[in-house]
Amino acid sequence: MFVLRQSFRAITLITLFSLLVSLVTACGPAAPAAPSEIVLGAALPLTGGQAREGGYFKKGYEMAIKEINDAGGVMIKEYGKKIPIKLIIYDDKSDNTTSVQLYEKLVNEDKVHALLGGYGTPLISAHTIVPEKYQVPYLNGGGATGEIYQRGMKYVFGMLASIEKLSHTLMDWMALQQDAGKLKKPVKIAVVGENSSHGKEFRKGIQDKSNAAPDRFQVVMDEPFELNLKDADPLMQKLKAANADVFLADARIADYTTIHRRYTELGLYHLIVSYGPRGTEKAARDALGPAADYIISCNWWHMDIPTQAAKTFADKYQKAYNEPAEWFPALAYETARVMAKALEDAGTLDKTKIRDALAKMDMKNSLVVGGRVWFEANGQINNDYVMMQNLPGGKVALIYPKDVATSDAIVPIPKK
Amino acid sequence: MNIDLPALIVGAVLLAGLYATMSYGLALVYGVMKLVNLAHAGVMMWGAYAAFLCVARLGMSPFLAPVVIVPLFFVLGMLMQRYIVRRVMYAPPISSLLLLFGIWLIMQNIAYLVFSGDTRTITTPYTLMTFKLADISISVNRLVVFVVGLLALVGLQRFLGYTYMGKAIRATAQDGDASQLVGINTDRVMEVAFGISTALAALAGSLMALIFAFDPDFGRSHLLKGFCIVVLGGLESVVGVALGSLVLALAEALSILVVMPALQDFISFAILVIVLIVMPGGIMGLIGKLKPKGVFK
């Protein structure tokens, strides 16, 4: 009886041990405990001088994160499950110092896993020292100036192609107009730019292209002007005296309006007029009326880009916020989605691995121009710009590149 | 490069009218109360928004908007002086400086809350209208702004020279204590002077809104320019302010013949420094050396 009891106990132990071994073998190594949420953070100019643009960025970020969370969150392979995103947004009041302090807070107090960017070159130039210092992956959709990315930073990535590329795009397009016989060769160019790194880069791009093709382009005026221009009259008198064929400028909306009002009052005329990325904004068109017709602009996105991704976003945005989508929320939305993809590609919340995933990013079917998101070694995207021309009646035509163009450009601009 | 010099000079003269309108109030408040009114920029900005509201909400012509704006801001200015500024009138200058700076920031933030940071403009059918005079394009808007600036100068001069309150303001500016001794209610005088200054700032803002795009940060750079003009013209002289405005506008415009347009602000501040060192009394100080000095003459 005793022997039988001992044998039964031994058999039970062996069975339990076998069960345990098979269970452990079947499950593989135990997964680490997953965090309840992935924390992303950004400081945006929600008040102050850049409040309008900051507000657009907030809408874009929130829209993307809501969509991701509605689908269960981001799949993180290390934890074997989808984890929702918690988005923290602070107001930097359009102030550089506050912006830096808030990014420090996001990293040190809120313990973010990754950072989304602010808006505008000055703010982004200032606060990008924080992600680099703490080695936190950072992606922005609101800073185009090449200067941001020329500092050898490893953790900073940007979704806007450079301003230099913007001016190169304008010049390449003008060369096409020359080849088509719509613009004379060489064409005399007057270029002015706001006295900031943005404006300097724009002017440098024009000069570089002009120097490379003196048979096509001749820069006869190259002037910076003060930001928040008080009176455009002296600048426009100089433009008049330059006797140029083409007038190219890089200006913010307020300066664009001030300059072009004076331009119109003085009855100036050029075969092509462009204010760089400005031109299609409703506020400026309302202020300038028909004087803004036929102005050429070169931008990072437009809702009429004929791709499914752009159309889907524009429709969703219109439905969510009851306003047409401008490039600001579009780029913010895509920035948040690219960061989510980087998290998924990394398969972990390890910051260095997320950074590596951003560096290797190759996202297709994106809503950006060209449909593909990838980053150069300096962290900046290098996709195409879309060029537009204002048409009478508040309309806009996409004119370049060919694959997104909705109509031919009207060159030279009709005399009014 | 053949710059059209007559057109450049005409443009500068027209701009001088605007510069003068925005600077009279600064000189008046400094003259009477010895206060550097940093809130002046905030009032100019609110003047621009008030004109915007008159046009957008009330359907008024922007040229008629001053009829509403000037009395409204005059009363607001008087109230501001009575209930806020008076409390620091006799405190060290830094107190009033900080107080008025604080008021400016509050004004700015309220504007951000109410109007957002969007850039606004006032557009009318005659916004871009021009006419030719001896082959020079003259903007209707700029001409109206210049004429209003000129009328403000004449009106202010006559008020200060021929009314009891005007004379009381001049007396208080010369010697507050002596004015009290001869029975002038200097508290009332200061209230009125601050009210006039506020009304003029708002008038300048409403006129500037016809030419420039504006947002809640509007007025900052104009305030600095206003200080240059007041120093250039002489800190307590209305005619000096008008002359200072003309000199500054011409200097800025003509400077493009030798330096790039981006250095226009440099020109303004270089003039400020030179005047403070070489002739601290400004243009009127220089004139005063040739004839007996008078305040607000």
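Line by line, the protein sequences are chains A and B.
According to my numbering, the residues represented by the first sequence are 388 to 803, in order.
According to my numbering, the residues represented by the second sequence are 832 to 1128, in order.
In this text, a Cβ means the ideal position worked out from N, Cα and C, and glycines have one as well.
Bear in mind that the values here come from a model prediction, so they are computed numbers and not experimental data.
For Glu551 of chain A and Gly676 of chain A, the gap between their C-alpha atoms comes out near 29 Å. A distance below 9 Å separates the beta carbons of Ser947 of chain B and Gly442 of chain A.
Neighbours of Glu652 of chain A across chain B, judged by C-beta separation under 7 Å: Leu959, Thr961, Ser968 and Ser970.
Counted as a single uninterrupted DSSP element, the stretch harbouring Lys473 of chain A is not any alpha helix (DSSP H) but the beta strand (DSSP E) occupying residues Ile472 to Asp478.
At least one CB of chain A lies nearer than 9 Å to the CB of Ala1084 of chain B.
The beta-carbon of Arg439 of chain A is placed less than 9 Å from the nearest beta-carbon of chain B. If only uninterrupted beta strand (DSSP E) runs of at least 3 residues are considered, those enclosed by the segment 931-985 of chain B are 961-964 and 967-970. Rounded to the nearest angstrom, the Cβ distance from Ala1044 of chain B to Asp620 of chain A is 15 Å, too far for a contact under 8 Å.
Contact between the segment 470-483 of chain A and the segment 747-760 of chain A is absent: fewer than 3 CB-CB pairs across the two stretches fall below 8 Å. Apart from the 5 residues on each side of it in sequence, Val874 of chain B sits with its Cβ closer than 6 Å to the Cβ of Thr1029, Ala1032 and Ala1033 in its chain, given in chain order. Checking the DSSP bridge columns, you'll see Pro611 of chain A partnered with A:Gly580. Here Cys885 of chain B is not bridged, per DSSP, to any residue. Counting along the chain, no beta strand (DSSP E) covers Asp680 of chain A, and no H or E run does either. The residues Cys685, Asp771, Tyr772, Met774 and Tyr787, in chain order, have a CB closer than 8 Å to that of Thr556 of chain A in the same chain once the five nearest residues on each side in sequence are set aside. For the segment 433-460 of chain A, the set of residues with a beta-carbon nearer than 7 Å to any beta-carbon of chain B comprises Thr434, Gly435, Gly436, Gln437, Ala438 and Arg439, in chain order. Chain-order list of chain B residues neighbouring Thr645 of chain A: Phe1043 and Ala1044, by C-beta distance under 7 Å. In this structure Pro837 of chain B is not in contact with Lys625 of chain A, their Cβ atoms being roughly 15 Å apart against a cut-off of 8 Å. Neighbours of His1053 of chain B in chain A, taken as residues at a C-beta separation under 8 Å, are given in chain order as Lys617.
Rounded to whole angstroms, the separation of the alpha carbons of Ala965 of chain B and Met608 of chain A is 27 Å. Residues of chain B whose Cβ lies closer than 8 Å to the Cβ of Ala678 of chain A are, in chain order, Leu959. About 6 Å separates the beta carbon of Ile425 of chain A from that of Leu730 of chain A, a gap short enough to meet the 8 Å contact definition.
Judged by pairs of C-beta atoms under 8 Å, the segment 839-846 of chain B does not touch the segment 576-596 of chain A, as fewer than three such pairs exist. Residues of the segment 1021-1041 of chain B with a Cβ closer than 7 Å to any Cβ of chain A: none. Taking the Cα of Leu553 of chain A as reference, the smallest distance to any Cα among A:Tyr521, A:Leu635 and A:Tyr650 is reached at A:Leu635. Here the alpha carbons of Pro799 of chain A and Leu959 of chain B stand approximately 22 Å from one another. Membership of Leu785 of chain A in any alpha helix (DSSP H) is not indicated; the residue belongs instead to the beta strand (DSSP E) covering Lys782 to Tyr787.
The C-alpha of Ala733 of chain A lies about 9 Å from the C-alpha of Thr739 of chain A.
The beta carbon of Pro621 of chain A sits closer than 9 Å to some beta carbon of chain B. Against chain B, a Cβ distance below 9 Å from Asn483 of chain A picks out nothing, because the smallest value is about 15 Å.
Look at Gln522 of chain A here: in three-state DSSP terms it is coil, with no helix or strand label. Of B:Ile1098, B:Met996 and B:Gly980, the smallest CA-CA separation from Phe1025 of chain B is found for B:Met996. At a cut-off of 9 Å between C-beta atoms, Ala671 of chain A counts as an interface residue with respect to chain B.
In this structure Leu778 of chain A is exposed. Its beta-carbon is surrounded by fewer than 16 other beta-carbon atoms within 10 angstroms. Collapsing the DSSP output to three states places Phe444 of chain A in a helix. Neighbourhood of Glu610 of chain A in chain B, by CB distance below 8 Å: Met1091, Pro1092 and Ala1093, in chain order.
Under a 10 Å Cβ-count criterion, Gln564 of chain A is classified as buried, with 16 or more other Cβ atoms of the shown protein chains found around its own Cβ.
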